[in-house]
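As they're listed, the protein sequences go chains A and R.
The numbers in the working numbering rise by one with no breaks, and the one at position 47 of the first sequence is 47.
Counting from 1 along the second sequence, just add 102 to a position and that's the residue number in the working numbering.
Beta carbons are placed, not taken as given, at the ideal position from N, Cα and C, and that holds for glycine.
Take a look at the structure below.
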Amino acid sequence: MADMHIDTDSVSSVAGQVEKIADAMPEALSGAVDEVDAVMSGNGWSDLAGELRRGLSDFVESYDLLTRQVTGFGEDLRACVASWNETESAHAEVFARYGEDL
Amino acid sequence: MTYFEQFYNADTGEFHDAARACGRAAEAVRDRADDFRNKVVEHLSDTSESGVWSGKPADAAQDPMLDVLAALNRAADQLEEVPGLLEGYADDAQSLQSRLHEIVKSAEARGIEVDTTNGSVHVPAEVAEKLAAEGEQDPALAVSQDISRVINEKNDLDRRVAPQVREALNMELNAHTVGDDYRSDANRAAELVEELSEGSLAGTDEERAELLALLAEHGDDPKFAGQVFDELGGRGSVEALSVMARLGSAAAMHGEDAAELSRQTGELQAQFGRALATATDPDSPYAVDVSEGSEWMQEFTAAGETKMDIGLPSYEPYGYQLIGTALRSGDYSSEFLNTLGTEMLEFERGDPNDSDDSGNPDAFRMNVPTDPMHEGFQLNHIDDSGAGFDPFDGLMIAMEGNPEAGREFFDPAAHDGRIEYMLDRGDWNDLPALHNPGADYDNPSQSYVLDTLASATDGAERGSVGNDIAVETIKHVGSTDGEAVGLVNDTARESMGQLLEGQLDHINEAYGPGTSRFEDEVGVTLNRVLGDVAYSPEAYGNLSNAQNAYTALHMNEAAAAGNEAVLKEHAASMGNVMAQLDQGKAAAIEDKWSGEEDDYNSRVDAVGRVGGYAIGVATESVPVVGDVTSDVLDDIVERSKVDYSDHAEGEVARLNYDSSKEISRMTEQIIWENGLYETSKDVPANLMQGGDSDGKPIPLSDMTDAQRDSYDKWKSENEKYSETAGEALADVNNSYKTGSVSAGQSQGDS
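What follows is the structure, given as structure tokens:
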């Protein structure tokens, strides 16, 4: 493992940034969804109103999944830092779990 | 499905509100993506020794991290489409609703009743009778049909926009899938390159078309391009270019299909170059590593120094010659161009500081097909900028598009002698194989170098790298040193003129009072360069236009500030500059045009020669003059051409080698129009705007014949005015004469 090195403080700090980003993701959409719901709730003249509300709902669902992936990436980073001194094979598996636990 | 009563009273503004809400959400989603890139990817993507980490875990993190970034950006991209769709929908719906209201209003004005709760139409008997008498047989049906038409259009609108909104919001955001998408396209592109290399004619039409389509669609996508070139590797990327060259070689030998094969080759080369530029941009987190010494770059440049098989029995181009073709397409980063350019230069030139490393001076020059069966063969099928055997042409074309790259490459402090080497190396032809250069042929390589130097130095501040490059270039081009090639070839003179245009500030200082970077060279070097440039009528026309504009701007500034001394200095320095150009022009007409002055002048006129009066007029509408070498200058020259035809047509006439008359006219004009004179006799009221003796003088170019006579008479009777203007004009004439003498001496030495 001669070619391996890590600045644990820096990588931990980046992991903290990942967590902050993940935490802030839901609120990026929640306000808009509530607002559109309120505006469109009484709309009976446009098919687009329903389509927009359903579309936003689907989008939020997909974005939630992505949020979980961002969270998972942050967790992997933390785990990577914590296990840095373990065997090399353990490291390779850290990020392999990405996407599998969705 | 919408019905009348719902739509008639609808609030279409709801969709504007929804659009604003979605717009704010899109901004927030984009912020998250930007945060992830700036605060995460920026740090973790550097897995070099100087980065925060390296090794298998760091490598394993790259794909997940970049896939997440791609998915975050896709989320923002998709959501950003929605506000525009909703705004457009709201506007269209509003327009349809207005039409509906108009139909109802119009019907009611004719006595027809429309029930706005359900859209039913009723025509009272007396109204029906009256309308029937007017020739309208079934008004209820007509109004109902109008209403139905609008409602149908409204439903069509819903059917059109709804799927667009659905598509925008229903995108896959699973990072894995997003990553697989671009990897899949990139894998297919890399696979196609492999497949193409197996056939004798670089694959089938279908395979080439598929590769071209993938490159055209995704070539500017950093994820796709980064993945393709990562998979190809440095050497594989050059081999891909050799596959394209094989197709091009077929073009030279396939009679009737030649044009089509050449077109296909050119398209592939251009799209491949564009993708290469994207993949090698270090600002992209998906880029391949193009830093000096990186594995990818080492492979790439090693392949550049290797002769590659392109399916011809007797000719193999160097990889660099193939790379040079791709460089003609795409916006390349400074880092990539400089790393590559330095390696290319070292390969050809060797190490100037190591006498044992003399490089391969003839590597590219001599490596062209000589077998008669390859007549017409060329490497570059993208454009007509040369056959492509000289890879430095492509490098210079790419660097011209990135001035920062040119400044880094030619910085004299970092690369002593590089400007000189690049200017002097291109004296060989870059025509298709076995094509004979005519007597007038000039290798364009020197032009490409000078175009890059002009781009790198345009408007450079004193003391900047750009200014240093310009000074070194002028010193070398104008050098009388026997070892230097000296002045540029015919084709390159316009490029040299462009470089000088970007340095007018410093050139005028060189010919004005005070110290100057050019001071030592004024006696000979700069004179020679200006004189040499004037051998090209187009360069003479462009440069004297720019000089006119430059001087007019500064004289106007000086006059407006009441600074007569500065005004005279500018007039004098222009006199000197123009004397150099005129001397060169005179020599050119004598040497090259064999006294055929008309031919030279018609080419100058084709540039759109601008007279001093016209520029004076144009500068009046430029309230603030900042960087005179910027676009403002071009703008003034452009507008001056129009003004010129209106006001001063006679000045397009030949110059008789003496621009001093024109400078004198411009000086007088500026003194007059800025009121920079004392009067011993009142100015006639008819020479002032509005006939007001306290007003502004009428511009000379706007005067009627009667006003001009009045002006000439007043001028001849007004000693003080004549004194002021006369002194300035005498300065102009003196400087022009002095300049002419020095021009004769220094240019005569050439």
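Problem set entry | Residue from R/Glu-640, R/Ala-674, R/Met-167 and R/Leu-424 whose Cα sits closest to the Cα of R/Val-280 | R/Met-167
Exercise. Apart from the five residues just before and just after R/Trp-530, which ones in its own chain have a Cβ nearer than 7 Å to its Cβ?
Worked result: Arg-467 and Asn-545
Problem set entry | First through last residue of the alpha helix (DSSP H) which encompasses A/Phe-73 | 47-82
For this session: Would you be able to state if there are at least three C-beta pairs under 8 Å between the region 322-331 of chain R and the region 382-395 of chain R?
Result: Enough Cβ pairs lie closer than 8 Å, so yes.
Exercise. Which value, in whole angstroms, describes the spacing of the CA atoms of R/Thr-840 and R/Asn-678?
Worked result: For R/Thr-840 and R/Asn-678, the distance between alpha carbons rounds to 7 Å.
For this session: Name the residue from R/Pro-505, R/Pro-799, R/Ala-381 and R/Ala-135 whose alpha carbon lies nearest to the alpha carbon of R/Gly-335.
Result: When each option's Cα is compared against that of R/Gly-335, the closest is R/Ala-381.
For this session: Taking only beta-carbon positions, decide if A/Ala-82 is within less than 8 Å of chain R.
Result: no
Exercise. Of all Cβ atoms in chain A, is any one closer than 8 Å to the Cβ of R/Leu-146?
Worked result: Put simply, the CB of R/Leu-146 is near chain A, with a gap under 8 Å to one of its CB atoms.
Exercise. In whole angstroms, what separates the C-alpha of R/Ile-772 from that of R/Asn-504?
Worked result: 39 Å
Exercise. Exposed or buried, R/Ala-663, counting other C-beta atoms within 10 Å across all chains shown (16 or more means buried)?
Worked result: R/Ala-663 counts as exposed, since fewer than 16 other C-beta atoms from the protein chains shown sit within 10 angstroms of its C-beta.
Exercise. Below 8 Å between beta carbons: does that hold for R/Pro-226 and R/Leu-233?
Worked result: no
Exercise. Is R/Arg-619 helix, strand or coil by DSSP?
Worked result: Because the pLDDT of R/Arg-619 is 40, which lies under 50, any placement of that residue in the model is unreliable, and the number read from its coordinates should be weighed accordingly. Residue state, collapsed to three classes: coil.
Problem set entry | Residue-level contact to chain R via CB, A/Glu-35, 8 Å cutoff | yes
Exercise. Would you report the Cα separation of R/Leu-317 and R/Ala-160, rounded to the nearest angstrom?
Worked result: Taking C-alpha positions only, R/Leu-317 is separated from R/Ala-160 by approximately 30 Å.
Exercise. Can you give the Cα-Cα distance for R/Asp-729 and R/Glu-671, rounded to whole angstroms?
Worked result: Bear in mind that a pLDDT of 38 at R/Asp-729, under 50, signals an unreliable position, so the number given afterwards is only what the model happens to contain. If you take the alpha carbons of R/Asp-729 and R/Glu-671, they lie about 19 Å apart.
For this session: Find out if the Cβ-Cβ distance for the pair R/Asp-526, R/Ala-674 is shorter than 8 Å.
Result: no
Problem set entry | Cβ contact check for the region 204-214 of chain R and the region 112-130 of chain R: 3 or more pairs under 8 Å | no
Exercise. According to DSSP, is R/Glu-611 helix, strand or coil?
Worked result: helix
Exercise. If R/Leu-789 sits next to R/Tyr-813, beta carbons under 8 Å apart, how far is it from one beta carbon to the other, in whole angstroms?
Worked result: 6 Å
Problem set entry | Beta bridge counterpart(s) of R/Lys-409 as assigned by DSSP | DSSP lists R/Tyr-420 as the beta-bridge partner residues of R/Lys-409.
Problem set entry | A/Asp-23 at chain R interface by Cβ criterion, 8 Å | no
Exercise. Between R/Asp-453, R/Leu-187 and R/Lys-256, which lies nearest to R/Leu-198 when the distance is taken from Cα to Cα?
Worked result: R/Lys-256
Problem set entry | Contact list for R/Glu-397 against chain A, beta-carbon separation under 9 Å | By Cβ distance, chain A contributes nothing, its closest Cβ being about 13 Å from R/Glu-397, past 9 Å.
Problem set entry | DSSP three-state assignment for R/Pro-166, whether helix, strand or coil | helix
Exercise. So, is the C-beta of R/Gln-329 closer than 8 Å to a C-beta in chain A?
Worked result: no
Problem set entry | Pair within 8 Å by beta-carbon distance, A/Leu-48 and R/Tyr-191 | yes
Problem set entry | Residues of its chain near R/Gly-752, where Cβ-Cβ distance is below 7 Å and the 5 sequence neighbours each way are ignored | Note that R/Gly-752 has pLDDT 36, beneath the 50 cutoff, so the model's placement of it is unreliable and the number below is only indicative. Contacts found: none.
For this session: Kindly confirm or deny that the region 138-145 of chain R and the region 208-222 of chain R touch, where touching means at least three C-beta pairs closer than 8 Å.
Result: no
For this session: Determine, using beta carbons only, whether R/Trp-155 comes closer than 8 Å to chain A.
Result: yes
Exercise. What residues of chain D sit near R/Val-263, judged by a beta carbon separation below 8 Å?
Worked result: Annotation note: the requested chain D is absent from the structure, which comprises protein chains A and R.
Exercise. Is R/Tyr-420 closer than 8 Å to R/Ala-465 when the C-beta atoms are compared?
Worked result: In this structure, R/Tyr-420 lies closer than 8 Å to R/Ala-465 by Cβ.
Exercise. Between R/Asp-607 and chain A, is there a C-beta pair that is closer than 8 Å?
Worked result: no
Exercise. Grouping DSSP H, G and I as helix and E and B as strand, with all else coil, what is R/Ser-156?
Worked result: strand
Problem set entry | Chain-order list of residues whose beta-carbon lies under 7 Å from that of R/Glu-510 (same chain, five-residue window excluded) | Cβ within range, chain order: Ser-436 and Asn-440.
Exercise. Could you give the distance in angstroms between the alpha-carbon of R/Glu-107 and the alpha-carbon of R/Val-263?
Worked result: 22 Å
Exercise. If we cut at 8 Å on Cβ distances, does A/Ser-12 have a partner in chain R?
Worked result: For A/Ser-12, the answer is no, since every Cβ of chain R falls outside 8 Å of its Cβ.
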